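Residue numbers (the working numbering): 1280 to 1386.
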Amino acid sequence: MSKVYISGKITGNENYVKDFENRARQLKSLGYYPVNPIRIYERLKAQLGREPTRREIMDEDIKELKKCDYVNFLDKWEESEGAREEHETAVKENITILKITMLSNHW
1280 MSKVYISGKI TGNENYVKDF ENRARQLKSL GYYPVNPIRI YERLKAQLGR
1330 EPTRREIMDE DIKELKKCDY VNFLDKWEES EGAREEHETA VKENITILKI
1380 TMLSNHW
């Protein structure tokens, strides 16, 4: 099963958990294995036993992104410094950008 890293705006997006979870469900329904940075953050926080720094979070996210076959960007990802860094990494690492047009929003 192909792994797809989900990238998008978190800071300043009060609906980020819902946005990332919805996309993960959509990707899974299409036969992909979604890699959700929200889950990466939760795992990292548990491992460290404290709130990770932004750099620690991004380093872990980039490490996981590099293990993926694809990356999928949520709307307004360009407004996020972290998502822009993930985009640069994807381009440098030749990770295919997966664009998905959903015909229905009833997931």
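Think of the CB as a built atom: it goes at the ideal place given N, C-alpha and C, for glycine as much as any other residue.
Nothing here was measured: the structure is a model prediction, and the numbers come from that model.
Coarse secondary structure for residue i, derived from DSSP in three states
i: S1286; result: strand
i: I1376; result: strand
i: N1301; result: helix
i: S1308; result: helix
i: K1355; result: coil
i: R1329; result: coil
Bridge-paired residues (DSSP) for residue i
i: P1313; result: V1283
i: Y1349; result: V1283 and T1375
Inter-residue CB distance, residue i and residue j (contact presumed, cutoff 8 angstroms)
i: D1351; j: L1306; result: What sits at residue 1351 in the sequence shown is Asn, not Asp. That belief holds up - the Cβ atoms of N1351 and L1306 are roughly 7 angstroms apart, short of 8 angstroms.
i: P1331; j: K1324; result: 6 angstroms
i: K1288; j: C1347; result: Not a contact, Cβ separation roughly 19 angstroms.
i: A1362; j: L1344; result: Rounded, the Cβ-Cβ distance is 11 angstroms, inconsistent with contact.
i: I1319; j: E1339; result: 6 angstroms
Buried/exposed call for residue i, threshold 16 Cβ in 10 Å
i: I1285; result: buried
i: D1225; result: With the chain covering only 1280 through 1386, there is no way to say anything about residue 1225.
i: R1394; result: This structure leaves residue 1394 out entirely; the chain is present only between 1280 and 1386.
i: S1359; result: buried
Distance cut-off 7 angstroms: residue i Cβ against heavy atoms of the ligand PLP
i: S1308; result: In the structure on display, the ligand PLP does not appear, and there are no ligands present to speak of.
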